[in-house]
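What follows is a short report on a single structure.
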Amino acid sequence: MWPLLLAGLVGYDLLTGGDDGGSTATDTPDDDPDAGYIPGTTTAGSKSETGDPDAAALFSSGDYTDTVTGGTGDDTLTAPDGATDIAFSGGAGNDTVTGSGDDDWATGGSGNDSLGLGAGDDFAFGGTGADTLLGDSGADFLHGGLGDDSLTGGTGGDSLHGGAGNDALLGDAGEDALYGGSGNDSLDGGADKDSLFGGAGNDSLSGGLGDDSLSGDAGDDLLLGGAGNDSLIGGTGADTLQGEEGQDLLSGFEGDDSLAGGAGNDSLYGGADDDILDGGAGNDSLGGGAGTDRVTGGEGNDTITGDGGDDWLAGGAGNDSLSGGDENDTLVGGTGNDTLTGGTGADDFILETAGNPEGVTTVADFGAEDRLVVEWSGTTTPRVTVTADPAGNRSLVFVDGTLAAYVQGTTTLTAAQITLTRVT
């Protein structure tokens, strides 16, 4: 025989499961919980302890905290409606907890545990093993601990910490904070305005609904903004950032990053190393940063800056402004009334003979080291002519009789100085 000590309505209650089999405890509120013992057997396997009319209820509904220690077996604790705050320590074994409607505290210990805490502002720590932690309507704090854990916050403003291991975190409704910790983690903010931090490892972060803040930190991370006006920071590593809907702010930081703004008027900055940026739809602002970057504005009236490195910049559709910055850059205007500024270095300005019926390209700083290139396809070489415009201190470039570009700062440009390149 081994005893379970059960206290009454005053103070704290303690249920200890022992070291043999698992235990099942069911909270049965009682208006007259006299203190007493519930005997159990010492045989291996699961045991079920229940109250009797002359002993204490396992748990009661007064204004205090019930404390349960599960032991080494596979333990189950279920607290029905009306139970008070529960403090549960699972110990060894694969334990299952269903909390009360008040503020509960649970630690799973070793083993693969399932901790569901119900309503109230709850705390759960999974411990070792692959644990499942479920919050509810309160402001919950969930920590997976060691192992590959699954955490769901519920409808309140929750704080979720994956800890070590490859964890899956879902904030659900409410303004949540999610921390992946070490390992390759998956974080989903869910509804409302959330903050996601990947931590170490190759993490996947999804903001979901709301204006979210995502930070990949170390590792090669995937960041998806979702709906809303989101802020995405890749951190170190080769990261992929996609703003998706809304007016988003994307920063690759360190590493060879890939940034896509998606719909909306977005701001993209590659940061250090060699990055790929695509503004997508909307009037976007894009900066390649240091390194050799490839930047495309997409649709809309975009502002593109290469900064340092030998960059490739393309405006796409719309009236775009392209600035190469330092080093030897390639600038492609696309359709619309675009302005191309090479900056320092030997730069290439590309005119595409696919046609620009929506505008004329302006080359703002054509120098002796720069090239003006007309790209064409098909079987017929285009006819390129140049006319000086002394009043405007510029040269006018025509392709097959159609005005294609204004080249500022020179009235002596000739067709022989223009390079024709056939593309397939």
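Residue numbering for the sequence shown follows UniProt numbering, beginning at 1 and increasing consecutively.
All C-beta atoms, glycine included, are put in the ideal place defined by N, C-alpha and C.
- Item | Alpha-carbon to alpha-carbon, residue 263 and residue 251 | What you label residue 251 is simply residue 251 of the sequence shown in a count that begins at 1. What you label residue 263 is simply residue 263 of the sequence shown in a count that begins at 1. The alpha-carbon atoms of residue 251 and residue 263 are separated by roughly 17 angstroms.
- Item | residue 219 versus residue 206: straight-line alpha-carbon distance, rounded | Within the sequence shown, residue 219 is the residue found at index 219, counting from 1. Within the sequence shown, residue 206 is the residue found at index 206, counting from 1. Each residue's Cα considered, the two are about 16 angstroms apart.
- Query: Considering only residues of the same chain and omitting the five flanking positions on each side of residue 312, which have a CB-CB separation below 6 angstroms?
  - Reply: For the purposes of this step, residue 312 is taken as the residue at position 312 of the sequence shown. Once the five neighbours on either side are set aside, the close Cβ partners of residue 312 are 294, 330.
- Message: With three or more C-beta pairs closer than 8 angstroms as the rule, is the segment 358–378 touching the segment 405–415?
- Response: Contact holds between the segment 405–415 and the segment 358–378, because three or more Cβ pairs, one in each stretch, are under 8 angstroms apart.
- Message: At the level of alpha carbons, what is the spacing between residue 105 and residue 96?
- Response: As a first step, residue 105 must be located in the sequence shown, where it is residue number 105. As a first step, residue 96 must be located in the sequence shown, where it is residue number 96. Taking the straight line from one Cα to the other gives about 13 angstroms.
- Item | Buried versus exposed, by CB contacts within 10 Å (16 or more), residue 296 | Residue 296 sits at position 296 when you count from the first residue of the sequence shown. Classification of residue 296: buried, given that the 10 Å Cβ count is 16 or more.
- Item | Cβ-based burial, residue 152 [other Cβ within 10 Å; buried from 16] | The residue labelled residue 152 in the question sits at position 152 within the sequence shown. Label assigned to residue 152: buried.
- Message: Quick check: what's the CA-CA separation for residue 227 versus residue 288?
- Response: As a first step, residue 227 is located in the sequence shown; it is residue number 227 there, counting from the start. As a first step, residue 288 is located in the sequence shown; it is residue number 288 there, counting from the start. So the alpha carbons of these two residues sit roughly 25 angstroms apart.
- Message: Using the three-state DSSP reduction, which class does residue 416 fall into: helix, strand or coil?
- Response: Position 416 of the sequence shown, counted from the first residue, corresponds to residue 416. Three-state DSSP puts residue 416 in a helix.
- Message: My output table needs one value for residue 392: the three-state DSSP class, helix, strand or coil.
- Response: On the sequence shown, residue 392 is found 392 positions in, with the first residue counted as 1. Helix at residue 392.
- Query: Under the three-state reduction of DSSP, which class applies to residue 253: helix, strand or coil?
  - Reply: Here residue 253 refers to the residue found at position 253 when the sequence shown is read from its first residue. Looking at residue 253 - three-state DSSP - the assignment turns out to be coil, as it is neither helix nor strand.
- Query: Do the CB positions of residue 221 and residue 192 come within less than 8 angstroms of each other?
  - Reply: By 1-based counting over the sequence shown, the position of residue 221 is 221. By 1-based counting over the sequence shown, the position of residue 192 is 192. Contact: no.
- Item | Endpoints, beta strand (DSSP E) assigned at residue 242 | Along the sequence shown, one-based indexing puts residue 242 at 242. Counting along the chain, the beta strand (DSSP E) containing residue 242 begins and ends at 240–242.
- Spatial distance of residue 116 from residue 307 (CA atoms): What you label residue 116 is simply residue 116 of the sequence shown in a count that begins at 1. What you label residue 307 is simply residue 307 of the sequence shown in a count that begins at 1. Between residue 116 and residue 307, the C-alpha separation is close to 52 angstroms.
- Inter-residue Cα distance where the pair is residue 284 and residue 300: Locating residue 284 in the sequence shown gives position 284, counting from the first residue. Locating residue 300 in the sequence shown gives position 300, counting from the first residue. Distance between the alpha carbons of residue 284 and residue 300 is about 7 angstroms.
- Task: Can you say whether residue 392 is buried or exposed, counting buried as having 16 or more other CB atoms within 10 angstroms of its CB?
- Result: Walking along the sequence shown from the start, residue 392 turns up at place 392. The residue in question, residue 392, is exposed, as its Cβ has fewer than 16 Cβ neighbours within 10 Å.
- Does the beta-carbon of residue 341 have 16 or more other beta-carbons within 10 angstroms, so that it is buried, or is it exposed? What you label residue 341 is simply residue 341 of the sequence shown in a count that begins at 1. Answer is buried; the Cβ neighbour count reaches 16.
- Item | Run of the beta strand (DSSP E) containing residue 136, from where it starts to where it stops | Within the sequence shown, numbered from 1, the residue matching residue 136 stands at position 136. First-last of the beta strand (DSSP E) with residue 136: 132–136.
- Message: Could you tell me the alpha carbon to alpha carbon distance between residue 98 and residue 188, rounded to whole angstroms?
- Response: Taking the first residue of the sequence shown as position 1, residue 98 is located at position 98. Taking the first residue of the sequence shown as position 1, residue 188 is located at position 188. Approximately 24 angstroms between the Cα atoms of the pair.
- Buried or exposed: which applies to residue 244, given that a residue is buried once 16 or more other Cβ atoms fall within 10 Å of its Cβ? Numbered from its first residue, the sequence shown carries residue 244 at position 244. So residue 244 ends up on the buried side.
- For residue 314, the nearest candidate out of 381, 290, 350 (CA to CA): As a first step, residue 314 is located in the sequence shown; it is residue number 314 there, counting from the start. Here the closest residue by C-alpha is 350.
- Item | Short Cβ contact (8 angstroms threshold) for residue 246 with residue 271 | Along the sequence shown, read from residue 1 onward, the residue named residue 246 stands at position 246. Along the sequence shown, read from residue 1 onward, the residue named residue 271 stands at position 271. Going by C-beta atoms, residue 246 is not nearer than 8 angstroms to residue 271.
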